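Below is one structure, written out as structure tokens, with a few remarks after it.
In the working numbering, the protein residues as written are 88 to 344.
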């Protein structure tokens with residue numbers, strides 16, 4: 088038995104992801120997205136995917152390329168505002184959407200990875216998040232085909248004050264796809280600054296975690312104190328190099344400079 092988790096290519100790494108699989112995908116906007124793995128999945132044309140990710144990229148990059156190819160059946164996200172095709176598919180009834188508050192989504196992934204079945208949070212109390220009725224899928228005529236169900240709400244005393252909390256179930260998925268700056272052959276990962284975002288949480292939630300890394304190093308080369316995600320959560324590591332394309336959603340510059 089070997090602890091070496093390296094895979095020769097992205098195509099090999101995603102080769103067993105089947106039709107209808109559920110995926111947790113790291114990244115925030117276009118920051119820290121596992122684009123090489125996404126492209127490899129696109130080339131395989133695996134469809135009917137249920138994807139959990141903060142957002143769905145943009146029309147021609149990130150998860151948006153899978154969406155544009157009609158390969159995603161359902162998205163569980165907290166933000167969808169940068170993708171026109173996402174809006175079109177959702178409003179036309181082609182795509183199911185489970186809209187989830189951002190912090191709640193992060194904790195649902197973390198809880199799934201930690202083996203916690205559910206948790207209570209104040210976020211969403213008194214709204215359709217708790218009371219149900221949020222449109223998840225529309226009919227082609229614009230009427231609601233599937234609405235979110237009501238969730239259990241319970242009162243707890245916190246700091247001497249009774250408050251209401253809504254029960255949120257954890258998320259686990261068949262696979263997780265993440266991008267890291269550095270990783271070793273045992274799967275220990277280091278993320279680059281804000282590219283850390285949802286990636287450790289998504290990795291934890293996937294039953295099989297596939298990580299693309301810019302730099303592959305030998306075990307022991309990463310200081311244990313610098314490890315952001317231990318290799319116990321990672322099953323496959325693919326080195327993609329440092330010259331991969333990285334895009335910015337909205338480039339903002341100051342006039343005159």
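Glycine included, C-beta positions come from ideal geometry on N, C-alpha and C. For clarity, every value in this text was computed on a predicted model and none was experimentally measured.
contact_flag[the stretch 238-252, the stretch 270-286] where n(CB pairs < 8 angstroms) is 3 or more: no
Residue 159, DSSP secondary structure in three states: As a first step, residue 159 is located in the chain shown; it is residue number 72 there, counting from the start. DSSP places residue 159 in strand when its eight states are reduced to three.
Those runs of the beta strand (DSSP E) which lie wholly inside the stretch 121-194 and span at least 3 residues: 136-139, 159-164 and 183-186
Test item: CB-CB of residue 159 and residue 178 under 8 angstroms: The sequence position of residue 159 within the chain shown is 72, counting from 1. The sequence position of residue 178 within the chain shown is 91, counting from 1. It is not a contact, given that the beta carbons lie outside the stated cut-off.
Same chain, Cβ closer than 7 angstroms to residue 223, five either side skipped, listed in chain order: Numbered from its first residue, the chain shown carries residue 223 at position 136. Counting only Cβ-Cβ distances below 7 angstroms, and skipping sequence neighbours, we find 183, 184, 185, 233, 234 and 235.
According to DSSP, residues forming a beta bridge with residue 252: Start at 1 with the first residue of the chain shown, and residue 252 comes out as number 165. Looking at the DSSP assignment, residue 252 forms a beta bridge with 241.
Neighbourhood of residue 291 by C-beta, 6 angstroms cutoff - its chain only, sequence neighbours within 5 removed: Locating residue 291 in the chain shown gives position 204, where the first residue counts as 1. Only 200 and 320 meet the Cβ criterion.
8 angstroms Cβ cutoff met for residue 94 and residue 133: Looking up residue 94 in the chain shown gives position 7. Looking up residue 133 in the chain shown gives position 46. Not a contact, by the Cβ cut-off of 8 angstroms.
Per-residue DSSP class, three states only, for residue 98: Stepping through the chain shown from its first residue, residue 98 is reached at position 11. DSSP places residue 98 in helix when its eight states are reduced to three.
Reference residue 351; option with closest CA among 125, 255, 117 and 225: No answer is possible for residue 351: the residues shown for the chain start at 88 and end at 344.
For residue 297, the residue or residues it bridges with in DSSP: Translated into the one-based positions of the chain shown, residue 297 becomes position 210. According to DSSP, which records beta bridges pairwise, residue 297 is partnered with 264 and 323.
Where residue 281 falls: helix, strand or coil (DSSP): Here residue 281 is taken as the residue at index 194 of the chain shown, counted from 1. Residue 281: helix per DSSP, three-state reduction.
Residues of its chain near residue 198, where Cβ-Cβ distance is below 6 angstroms and the 5 sequence neighbours each way are ignored: Within the chain shown, residue 198 is the residue found at index 111, counting from 1. Within the same chain, residue 198 has close Cβ partners 206 and 257.
Supposed close pair residue 252, residue 212 - CB separation, criterion 8 angstroms: For the purposes of this step, residue 252 is identified with residue 165 of the chain shown, where counting begins at 1. For the purposes of this step, residue 212 is identified with residue 125 of the chain shown, where counting begins at 1. Indeed, because the Cβ distance is near 7 angstroms, the residues count as touching under 8 angstroms.
Through-space distance from residue 237 to residue 312, alpha-carbon basis: For this step, residue 312 is matched to residue 225 along the chain shown. For this step, residue 237 is matched to residue 150 along the chain shown. Cα to Cα, residue 312 sits roughly 43 angstroms from residue 237.
Residue from 115, 267 and 339 with nearest C-alpha to residue 329: Counting from 1 along the chain shown, the entry for residue 329 is found at position 242. Minimum Cα distance to residue 329 is reached at 267.
Residue 286 in three-state terms, based on DSSP: Here residue 286 refers to the residue found at position 199 when the chain shown is read from its first residue. The answer is helix: DSSP assigns residue 286 an H, G or I state.
Environment of residue 100 [buried if 16+ CB atoms lie within 10 Å]: What you label residue 100 is simply residue 13 of the chain shown in a count that begins at 1. With a 10 Å radius around the Cβ and a threshold of 16 neighbouring Cβ atoms, residue 100 comes out buried.
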